[in-house]
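A.B. asks:
Numbering (the working numbering), first residue to last: 82 to 399.
(1) Can you grab the Cα-Cα spacing for the pair residue 130 / residue 265, in whole Å?
(2) Using a Cβ-Cβ cutoff of less than 8 Å, which residues in the same chain neighbour residue 413 once the five nearest sequence positions on both sides are dropped?
(3) Under three-state DSSP, which class holds residue 128?
(4) Assign residue 396 to one of three DSSP states: helix, strand, or coil.
(5) Over what stretch of residues does the beta strand (DSSP E) that includes residue 351 continue unbroken?
(6) By a C-beta neighbour count over all protein chains shown, 10 Å radius and 16 as the cutoff for buried, is residue 114 buried or exposed?
(7) Could you tell me the distance, in whole angstroms, from the CA atom of residue 261 to the CA atom of residue 324?
(8) Around the C-beta of residue 398, are 16 or more other C-beta atoms found within 10 angstroms, so that it is buried, or is it exposed?
(9) Just verifying my parser: in three-state terms, what is the DSSP assignment at residue 345?
(10) Please say whether residue 228 and residue 375 have beta carbons closer to each other than 8 Å?
(11) First and last residue of the alpha helix (DSSP H) that includes residue 310?
(12) Within its chain, find whatever has a CB closer than 7 Å to the CB of residue 209; leave out the 5 residues flanking it on each side and keep chain order.
(13) May I have a chain-ordered list of the beta strand (DSSP E) segments no shorter than 3 residues that lie completely inside the stretch 204-236?
(14) Buried or exposed for residue 125, going by 16 or more other Cβ atoms inside 10 Å?
(15) In angstroms, rounded to a whole number, what distance separates the CA positions of residue 306 and residue 299?
(16) Do residue 250 and residue 171 come within 8 Å of each other at the CB atom, strictly closer than that value?
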C-alpha cells in the first residue's frame, strides 16, 4: 500500500512536469482505435443497447486486465520497478500539463489582442463555432474547458487510482473514452452508447462533487461573494447544467471567479442554448483563463492531499 501512494505522487508529479509529448504513442489512442472498430461491427441492426453494453464490458475488461497484469508483473520483479511502472501509467492517464498548455494557447493571443488567432486556437479544444467570438466568449470557452476537464482529466482518474491503483485509473479512462466516442444522444448512438454514458456519469459522480467543493473552499474567491452565497449558488446552478457532473465544476468556477458561464453557443451553425450559471458580477476577460489554470493546479494538489491522508489513515488503522 505505501508503494501505491508513492506511485500516485510520482505519477502526478511526472504529469505536471512532462505531460504527454505529442508524438509519443498513447494508450487512449489504442483504446479509441479498438472502440472504433468494435463500433463499426456492433452498432447496426437490432439489439443496439445490448451490443453497446457488450462493448462497454469488453473494453473495460481488456483495459483493466492488461493494466492489472502489467503492474502486477512489475511489482513481482521488484517493488521499485512496480512503483516506476505504476507511476508512468498514472502519469499518462492524467492531463494537468496538456490542459494547462491548451488553455495558454488561447490565452496568449487573446491577451495580446490577436482575436483571430485566439479564435483559431480555441477551435482546437472546443466543438463550438469560434469564427465570430469576441474576448468574453473566447475566454468563456477556455474557462469551461479547463473547469470541466479538471475532473474528467485529473481528479476523477486520481480518485479511481487511489481506489484501485493504475488499473482503476485506466478502467476510468476506458469508460471516459467510450463516453466521448459513443455516448451521444443522437440517432446513431442513443441506444448503442447508453450504457457507456451512464457508466461515465456513475464513475464521475463522487469525484466531480468533491472537486467542486474543494474549488469553493481552497481557490481564490475573486468574485468576493460570501461563502454561504457561493455554496447556495453552486448547488443551484450545478443542477441547472445539462450534465449531471460537469455542472458541479463549472458552477464552482463561475462563483469563485464571479463570472457567468453557459449561455448561447453555435455548433455547425446551429444555435444551442443552455442555462447561464454564476453571479455575473465580474465581466469575462482573458485574465480569467490564467485564474482557472491556477484553480486547476490548486484543487488538484488539495484533492491529492486529501485522498492521500484518507488512504494512509485507513491503511494505518487496518
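Cβ coordinates follow ideal geometry from the N, Cα and C atoms, glycine included.
C.D. replies: On the basis of the coordinates in this document:
(1) The residue given as residue 130 occupies position 49 in the chain shown. The residue given as residue 265 occupies position 184 in the chain shown. Spanning the two alpha carbons is a distance of roughly 13 Å.
(2) Limits of the chain in this structure are 82 at one end and 399 at the other, which puts residue 413 out of reach.
(3) The residue labelled residue 128 in the question sits at position 47 within the chain shown. If DSSP states are grouped into helix, strand and coil, residue 128 belongs with coil.
(4) In the chain shown, counting from the first residue as 1, residue 396 sits at position 315. In this structure, residue 396 counts as helix in the three-state DSSP scheme.
(5) Your numbering for residue 351 matches position 270 in the chain shown. Taken as a continuous stretch (DSSP letters only), the beta strand (DSSP E) holding residue 351 covers 351-358.
(6) Residue numbering aside, residue 114 sits at position 33 when the chain shown is read from its first letter. Counting Cβ neighbours within 10 Å, residue 114 comes out exposed, since fewer than 16 surround it.
(7) Residue mapping note: residue 261 aligns to position 180 of the chain shown, counting from 1. Residue mapping note: residue 324 aligns to position 243 of the chain shown, counting from 1. Approximately 13 Å between the Cα atoms of the pair.
(8) Residue mapping note: residue 398 aligns to position 317 of the chain shown, counting from 1. Answer is exposed; the Cβ neighbour count stays below 16.
(9) In the chain shown, the residue the question calls residue 345 occupies position 264. Residue 345 falls in the strand class under three-state DSSP.
(10) On the chain shown, position 294 is the one that residue 375 refers to. On the chain shown, position 147 is the one that residue 228 refers to. Contact: no.
(11) Reading the chain shown from its first residue, position 229 is the one you call residue 310. It spans 308-321 - the alpha helix (DSSP H) in which residue 310 sits, taken as one unbroken run.
(12) For the purposes of this step, residue 209 is taken as residue 128 along the chain shown, with counting starting at 1. Only 222, 346, 347 and 348 meet the Cβ criterion.
(13) none
(14) To locate residue 125, count along the chain shown from 1; it is residue 44. Exposed.
(15) Here residue 306 is taken as the residue at index 225 of the chain shown, counted from 1. Here residue 299 is taken as the residue at index 218 of the chain shown, counted from 1. About 14 Å.
(16) Reading the chain shown from its first residue, position 90 is the one you call residue 171. Reading the chain shown from its first residue, position 169 is the one you call residue 250. Going by C-beta atoms, residue 171 is nearer than 8 Å to residue 250.
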